[in-house]
Amino acid sequence: MSVLLCGRPLRLRLLSPPFFRSLAAATSTASRTTELTASYSFTFDFLTSSCGLSPAQALSAARTIRLDEKTRERPEPVLAVLRSHGFSDAHIADLVSRYPRILLCKTENNLGLKLQFLTQEGLSPGLIAQSPAILSRSLDQYLRPCFEFLHRFLSATDDLHAVLWRPGWGLNFNMKSTMIPNTEHLLELGVAAPVISRLIASYPWVLTQRHELFAEGVQIVQDWGVKPDMKVFPHALRTVLSLRKSNLSSKFELFKKLGWSEEEVIKAFRRSPLCITVSEQKIMRINCFARKLGLGPSDLSRQPALLMYSFDKRILPRYAVWQVLTSKGLIEQRTSKLTSMFVISEERFMNGYVKKYMDNVPEVMDVYLGKIKAEGPEIGCDESRNDGRICHIRGALTQRLELFVEGVQIVQDWGVKPDMKVFLHTLRIVCTLHKSSLFVKLELFKKLGWAEEEVLKAFRKSPLCIVVSELKMVRINSFAKELGLGPSDLSRQPALLMYNFNGRILTRYAVWQILKSEGLIEQRTNKHMSMFVISGKLFMNGYVKKYMDEVPEVMDVYLGKIKAEGLDIGGDDSRSSSYRESVSDN
């Protein structure tokens, strides 16, 4: 094709069809990108303004759903239905952040009916918001049958709610393929309904195992001589299902290697199923110690609780008292007397073996408390301790000789002597890390303001602190700084570096904030420290239950249902800027 231009022919080439297709595709892609951007923007705005989500939550939820002006009529009725069933703005934000697709539900004959049913069952908006999977289930095919089943065994509403409130439970699994057939299996075997009720109320996870695994666990329990009508049956079943089949077999073989007959192992299991969960190291240690006392497998199988008691806090202190009293001729040396002494309650032991003889043996209390070492045979168990320690550092012992020797030298250079109790634990940790990783961690501590002596002090107290991730170190260090705690404080309590930041540190600090704001506790650094390191039971009794009359909401603060006012306890700045600075410095 050509045309005349200024008297000269100009030839034009026709554009080929592929070009037009490419142009059309590019135009279409650009159009779709614009539409997606607009949709994403609308979704983000709707989630933050109408649903109350934080920007971070909205960004996460926007990856799951897309909303636009054309479909606006779907999410708005959903919010209206939720509010009509008592959902507050906080409940809605919680629910939508966990289950964004709730905004696309059909409201008239779906969501509304489910909410009505669940509300009639006594489920609060807060519980529904925390277990949003409930709303994805069919009302007639799943929810009604499941609640009918639960009511069959849990007559009290409080029991039902206690089960549903359990973290990670709340009908989030398929009851029709797990709990219901597993329960029917137990009923067929003759397990009483009240026993099943207690299992559902206390250990629902037992009944939510895959049916094949559950049936296999039941068979193992029966093979080990525990009948379905025995009182110990549910405990035995729970124990077996908590372990892999291979772990059960290895424990069984360990007992036999230690001289136990098969009947003695089974006898111990029938008396106290949890004895099978005791660590191999502890089983060897107790077995060795018992042998020194003249106690054999037959004695331990009659009192398997001995395997589960703390060796250092219960067995050895009580035996020290026994040594003193027998050396004075105040009690007779009989095996049956010895085993009963270990298993009686603390109060009975104190009254019957300590206070009773304080006039005759004034030092008996100090012996019990470990202030005075009892004379006579060695009450430790060197053989078992060594066996246990060797097992504990097996990985370190398999290192190449040069690397192993280098690891031993590093441990000693860091101030841990071979005769110190922590030496073998420290050696194990050093041998599991590359030399360069150790020194990177040491440098990070220094960049965070720690003196070398403070790092080594923390390491000697708790060697595992050196394996904590860099991000967590930075986060805890920054948070501690906000509380007025410095490296010297952390080096005295290096366990703080290893605790779960969100699950322990923040929740306890939230309680601290509210109690301090009410003037119920004083603000002292050492008080801060002890609050984080005490056991969960001590914290609950000393900081939560103790103040529930004065501050009724303290339990909700501890459980994270209410955020404490005051200092932002999230430590976001430490997670971002501080960490970036430390990395860039490297």
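Numbering (the UniProt record's numbering), first residue to last: 1 to 586. Glycine included, every Cβ here is placed at the ideal spot set by N, Cα and C.
One thing to note: Ile196 has its Cβ within 7 Å of the Cβ of Leu186. Rounded to the nearest whole angstrom, the CA to CA distance from Ile266 to Ser298 is 11 Å. By a beta-carbon distance limit of 8 Å, Leu103 contacts Val78. Their separation comes to about 5 Å. In the three-state scheme derived from DSSP, where H, G and I count as helix and E and B as strand, Asn360 is classed as coil. Counting only runs of 4+ residues, the alpha helix (DSSP H) found wholly inside the stretch 487 to 559 occupies 487 to 492, 507 to 517, 525 to 533, 536 to 539, 554 to 558, in chain order.
If you draw a straight line from the Cα of Lys371 to the Cα of Ala320, it is about 11 Å long. For Thr48, the secondary structure class from DSSP, reduced to helix, strand or coil, is helix. Taking the CA atoms as reference points, Ser327 sits about 12 Å from Val364. Considered as a whole, the stretch 76 to 120 harbours 89 to 98, 112 to 120 as its complete alpha helix (DSSP H) runs of no fewer than 4 residues, in chain order. Pro418 and Trp450 do not touch by the CB rule: their CB atoms are close to 26 Å apart, not below 8 Å. In this structure, Met555 lies near Val544, with their beta-carbon atoms less than 7 Å apart.
Separation of Tyr203 and Phe404 (C-alpha to C-alpha, rounded to the nearest whole angstrom) is 45 Å.
In the DSSP assignment, Glu73 falls outside any alpha helix (DSSP H), carrying neither H nor E.
CA-CA distance, Leu123 to Ser131, rounds to 11 Å. Straight-line measurement puts the Cα of Ile65 at about 14 Å from the Cα of Thr48.
Setting aside the 5 residues that flank it on each side, Phe252 is surrounded in the same chain by Val265, each with a C-beta closer than 7 Å to its C-beta; the list follows chain order. Judged by DSSP in its simplified three-state form, Trp322 adopts helix. Ranked by Cα distance from Lys447, the options Ser462, Lys457, Lys461, Asn477 are led by Asn477.
With 16 or more neighbouring CB atoms inside 10 Å of its own CB, Arg270 falls in the buried class. Taken through DSSP and simplified to helix, strand or coil, Met230 comes out as coil.
Leaving aside the five residues that flank Phe87 on each side, the residues in its chain whose CB is nearer than 6 Å to its CB run, in chain order, Pro125. When the Cα atoms are used, Gly484 and Pro494 turn out to be separated by approximately 16 Å.
For Ile315, the closest C-alpha among the options Val361, Leu369, Arg302 is that of Leu369. By the Cβ-count criterion, Ser250 is exposed, with fewer than 16 other Cβ atoms from all chains shown falling within 10 Å of its own Cβ.
Under a 10 Å Cβ-count criterion, Asp229 is classified as exposed, with fewer than 16 other Cβ atoms of the shown protein chains found around its own Cβ. Contact check for Leu143 and Arg137: beta-carbon distance about 5 Å, within the 8 Å limit, so the pair qualifies. In terms of Cβ geometry, Phe423 and Val416 form a close pair [threshold 7 Å]. By the beta-carbon neighbour count (other beta carbons within 10 angstroms, threshold 16), Arg63 is exposed.
For Gln209, no alpha helix (DSSP H) encloses it, and the DSSP letter there is neither H nor E. Nearest Cα to Trp322 within the set Pro304, Val361, Ala305: Val361.
Contact check for Pro234 and Arg198: beta-carbon distance about 7 Å, within the 8 Å limit, so the pair qualifies.
Exposed is the label assigned to Gly225, since fewer than 16 other Cβ atoms lie within 10 Å of its Cβ. With three or more CB-CB distances shorter than 8 Å, the stretch 530 to 549 counts as touching the stretch 505 to 512. A contact is defined here as three or more CB-CB pairs under 8 Å, and the stretch 279 to 287 meets this definition with respect to the stretch 303 to 313.
Between Asn182 and His211, the gap from beta carbon to beta carbon is short of 7 Å.
DSSP, read as helix, strand or coil, puts Arg137 in coil.
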